[in-house]
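Quick note, the sequences are listed as chains A and B, same order.
Note that the working numbering numbers the first sequence so that position 12 is 271, with each residue one more than the last.
Note that the working numbering numbers the second sequence so that position 177 is 238, with each residue one more than the last.
Down below is the structure, laid out as structure tokens.
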Amino acid sequence: MSDEELIKGCIKGKDAFQYELYRRYSPKMFGVCLRYCASREEAEDVLQDGFVKVFKKMDTFKFQGSFEGWIRRIMVHSAIRNKYITLRAHEVNTLEGIDHPAMDEKITSKLMMMDLMKLINELPQGYKMVFNLYAVEGYSHKEIAELLEIQEATSRTQYLRARQFLREKLDKIQKNESRI
Amino acid sequence: MNQEFNDMERMFQEGLQNYEVTPPAHVWNNIQKQKRRGLLFYRFKIASIILLLCLTGAGTYYFMNTTYNQETNVINTFENKELDNKNNEVSVETINKSIKSNTNDIIASTSKSKLVLKGNKTQIYKHNSKSITKKDIATDLKDNSNPISADDLSMTMDYKNEIKLKYQIYPSLMQYVYSTKRIPKKYLTPKKEKESEKLGYKYSIEMVGGPSYAYRKLSGQGSQLRDESEQANLTVQTGLKLNYHINPTWSIQSGLSWESRNEKVKYNQTELQRKLTQTPHQVTVFHPVLPPRSITVIDSTYSNENVNFKFNNANKYTTINIPVVLGYTFTLGKLQYRVSAGSLFNIYSINSANNLVRNGNTIDLVKYKESPKIKTSIYTAVALQYPLNTNCMAITELSYYTNVTNRMSADTLLRQRNYGLNLSVGAKISLRK
Chain A
260 MSDEELIKGC IKGKDAFQYE LYRRYSPKMF GVCLRYCASR EEAEDVLQDG
310 FVKVFKKMDT FKFQGSFEGW IRRIMVHSAI RNKYITLRAH EVNTLEGIDH
360 PAMDEKITSK LMMMDLMKLI NELPQGYKMV FNLYAVEGYS HKEIAELLEI
410 QEATSRTQYL RARQFLREKL DKIQKNESRI
Chain B
62 MNQEFNDMER MFQEGLQNYE VTPPAHVWNN IQKQKRRGLL FYRFKIASII
112 LLLCLTGAGT YYFMNTTYNQ ETNVINTFEN KELDNKNNEV SVETINKSIK
162 SNTNDIIAST SKSKLVLKGN KTQIYKHNSK SITKKDIATD LKDNSNPISA
212 DDLSMTMDYK NEIKLKYQIY PSLMQYVYST KRIPKKYLTP KKEKESEKLG
262 YKYSIEMVGG PSYAYRKLSG QGSQLRDESE QANLTVQTGL KLNYHINPTW
312 SIQSGLSWES RNEKVKYNQT ELQRKLTQTP HQVTVFHPVL PPRSITVIDS
362 TYSNENVNFK FNNANKYTTI NIPVVLGYTF TLGKLQYRVS AGSLFNIYSI
412 NSANNLVRNG NTIDLVKYKE SPKIKTSIYT AVALQYPLNT NCMAITELSY
462 YTNVTNRMSA DTLLRQRNYG LNLSVGAKIS LRK
């Protein structure tokens with residue numbers, strides 16, 4: 260069944276179509292939610308809310324652009340609504356004290372998905388949100404600032420701090436790799 | 062720095078954009094629950110809006126007409142009511158005679174118009190004097206200590222020449238006086254009696270029955286197969302209900318109603334299925350060192366074959382419900398209308414029903430499992446009542462209900478709600494105080 264048939268069935272409110280859509284997209288969307296949430300339980304809640312919104316707003320999908328991208332945006336927004344208050348508490352407005360060491364290709368090639376997820380989940384909540392939005396979803400700092408209701412400079416700061424944090428973690432992995 | 066930024070982004074983008082984790086099964090169940098809660102809220106919202114609109118309409122109608130209408134015991138239609146000086150008396154005897162003869166007598170006339178008494182009922186003016194004159198009314202109007210009674214209202218209005226009155230009076234209905242102009246309140250006697258006393262009765266009992274068409278909406282796993290195979294039939298329903306009349310307009314209704322629902326289960330489909338055939342046989346295996354060994358090898362082959370599923374059954378469901386309904390009654394012409402809304406509680410259900418359920422590659426008939434809980438429905442009805450005599454009315458009622466709770470047992474993945482449209486014909490008998 261094509262995505263278009265599936266969407267039309269869902270718009271009519273047919274449960275069988277909704278279930279098929281959920282079955283098709285929920286693993287990927289759960290992956291998205293896990294990146295944004297502090298715990299698995301919270302990610303389940305966000306996934307649940309996100310899919311309820313998807314079914315509710317299905318008739319607003321214009322069949323322009325990727326359907327997966329559309330669902331993903333809804334999931335990201337659900338996660339943000341769930342989290343942005345926490346983020347505001349972490350708001351930082353300075354760019355000082357951040358260095359930018361070069362990336363080691365050797366490390367990246369050895370990192371698996373699970374390792375990347377572990378690294379992301381070790382980030383403080385505010386950094387995690389901005390890093391996910393910027394580095395993985397491809398949002399600009401301006402868009403992030405609007406979404407999270409923070410200043411654009413704050414988004415940049417959060418992102419650079421997240422990178423610094425990840426850099427340190429990657430260095431440790433690199434040292435361990437060289438010992439082996 | 063940019064190069065390093067790109068590396069970092071690329072690593073996480075490539076690594077995590079396609080990251081997939083299968084969520085636990087309960088998430089889907091929770092989504093279904095949340096959707097249902099939303100739907101339930103939406104239905105309640107719609108029902109509330111309809112109820113509110115009905116009540117607002119009924120309330121507006123009631124209050125708009127309160128000052129125009131006045132109950133009276135006059136049971137006649139007066140038209141062209143101008144009396145001239147020569148014929149300004151209408152004796153009670155003349156009126157009574159007219160009533161007894163059940164004819165429409167001219168009891169007063171002028172060169173321009175006539176006062177016609179359409180007497181065919183049992184009661185008319187309750188005036189103390191033998192005749193009512195313009196003078197009597199004029200005296201009454203001047204004398205503030207003796208307000209005009211409702212009984213004399215027609216003559217009062219006639220004298221004042223302010224309004225055109227029309228009476229449509231039946232004892233079993235509310236006895237209204239309709240006017241085309243507002244009646245000044247100072248001419249009206251305040252109502253001192255209780256509304257229920259004016260109505261003449263407090264309780265009424267009604268028995269109705271007729272055709273019923275009930276269909277259902279399914280959701281959840283397996284709903285598509287049942288939707289394809291089942292078709293509702295026209296059936297019957299009946300009910301015995303007791304009305305408690307709070308006042309002439311508002312009443313509460315409850316009682317028992319019985320409803321039968323039938324449906325056909327008709328399915329005839331051929332499916333192309335892949336069939337696995339496994340043939341075991343013995344093979345001897347030789348080894349350069351070890352002795353030969355005999356092992357069992359299973360040859361597996363897949364083949365496509367057409368499988369036909371054909372079912373032709375009938376399902377029957379019987380339910381007993383208790384309605385709890387608030388009714389608003391109003392009269393237009395000779396007919397009385399009642400708009401009611403409330404709940405229907407399904408207290409008992411029995412069925413001899415089987416539904417189609419897909420089980421892997423096969424389709425089976427499975428016993429319908431209904432929830433043992435009391436099922437609640439939102440109920441609305443519009444009734445048309447016509448008086449046959451002082452105590453009895455013919456009723457035609459169109460009612461509609463929709464389930465708000467699932468009808469099926471909790472252990473099934475399928476959910477079912479019923480919707481019913483009933484047309485009832487019957488009689489309503491008022492019980493005297």
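In this text, a Cβ means the ideal position worked out from N, Cα and C, and glycines have one as well.
Only a predicted model underlies this, so the values are computations on that prediction, with no experimental measurement involved.
Query                                                                                                                              : Result
Unbroken beta strand (DSSP E) run spanning K267 (chain A), endpoints                                                               : Element bounds for K267 (chain A): not the beta strand (DSSP E) but the alpha helix (DSSP H), D262 to I270.
Rounded separation between T380 (chain B) and L317 (chain B) - CA only                                                             : 10 Å
Inter-residue CB distance, E289 (chain B) and V326 (chain B) (contact presumed, cutoff 8 Å)                                        : 10 Å between Cβ atoms; not a contact.
Run of the alpha helix (DSSP H) containing K377 (chain A), from where it starts to where it stops                                  : M372 to E381
Counterpart residues of M72 (chain B) in DSSP-defined beta bridges                                                                 : Answer by DSSP bridge pairing: none, since M72 (chain B) is not bridged.
Contact under 8 Å by Cβ, L315 (chain B) with I408 (chain B)                                                                        : For the record, residue 315 (chain B) in the displayed sequence is Ser; it is not Leu. For S315 (chain B) and I408 (chain B), no; Cβs fall outside 8 Å.
Beta-carbon proximity check, L375 (chain A) vs L475 (chain B), cutoff 8 Å                                                          : no
Beta-carbon neighbours of V311 (chain A), restricted to chain B and to distances below 8 Å                                         : I92, Q95, K96 and G99
Under 8 Å from the C-beta of E548 (chain B): neighbouring residues of chain A                                                      : Any answer about residue 548 (chain B) is impossible in this case: the structure gives chain B only from 62 up to 494.
Start-to-end residues for the alpha helix (DSSP H) that takes in F406 (chain B)                                                    : Not the alpha helix (DSSP H): F406 (chain B) falls in the beta strand (DSSP E), residues L396 to S413.
First and last residue of the uninterrupted alpha helix (DSSP H) at F310 (chain A)                                                 : R299 to K315
Contacts of G281 (chain B) in chain A (Cβ-Cβ under 7 Å)                                                                            : D274
Residue interval of the beta strand (DSSP E) (run including I435 (chain B))                                                        : No beta strand (DSSP E) contains I435 (chain B), which DSSP labels as neither H nor E.
Cut-off 7 Å between Cβ atoms - residues of its own chain near I411 (chain B), not counting five sequence neighbours on either side : T379
Spatial neighbours of K428 (chain A) in its chain, beta-carbon cut-off 8 Å, leaving aside the 5 residues before and after          : L378 and E381
Counted within 10 angstroms of its Cβ, other Cβ atoms place D274 (chain A) as buried (16 or more) or exposed                       : buried
Extent of the continuous beta strand (DSSP E) to which L333 (chain B) belongs                                                      : W311 to V346
is_contact[S460 (chain B), chain A] using C-beta, thresh 8 Å                                                                       : no
Three-way DSSP call (helix, strand, coil) for F370 (chain B) in this model                                                         : strand
Contacting positions in the stretch 292–316 of chain B - beta carbon closer than 8 Å to chain A                                    : none
DSSP state of S361 (chain B) mapped onto helix, strand, coil                                                                       : strand
Residues near I313 (chain B) in its chain [Cβ-Cβ closer than 8 Å; skip 5 each side]                                                : N304, Y305, I307, V385, V386, L387 and G388
Beta strand (DSSP E) segment containing S399 (chain A), residue limits                                                             : Run containing S399 (chain A): none; DSSP gives neither H nor E here.
Any chain B beta carbon closer than 8 Å to Q307 (chain A)                                                                          : yes
Those residues which DSSP pairs with P272 (chain B) across a bridge                                                                : B:V297
Local conformation of Y447 (chain B) per DSSP, three classes                                                                       : strand
Chain B contact residues for L375 (chain A), given Cβ-Cβ distances below 7 Å                                                       : F73, G76 and L77
Pairwise C-alpha distance: A412 (chain A) and C292 (chain A)                                                                       : 25 Å
Among A:A404, A:Y386, A:S399 and A:Q277, the one whose alpha carbon lies nearest that of V313 (chain A)                            : A:Q277
A297 (chain A): contacting residues in chain B (beta-carbon distance under 7 Å)                                                    : Residues of chain B passing the Cβ test: none, with the nearest at roughly 16 Å.
Which of helix, strand or coil DSSP assigns to F391 (chain B)                                                                      : strand
Below-8 Å beta-carbon distance, S257 (chain B) vs any chain A residue                                                              : Because S257 (chain B) sits at a pLDDT of 42, beneath the cut-off of 50, its placement in the model cannot be relied upon, and the following sentence gives the value as read from the coordinates. Not closer than 8 Å to any Cβ of chain A, the Cβ of S257 (chain B) fails to qualify, so no.
Residue interval of the alpha helix (DSSP H) (run including M288 (chain A))                                                        : D274 to Y295
Any C-beta of chain A under 8 Å from that of V386 (chain B)                                                                        : no
Within chain B, partners of Y281 (chain A) - CB distance below 8 Å                                                                 : W89 and I92
Straight-line Cα distance separating M72 (chain B) from F390 (chain A)                                                             : 12 Å
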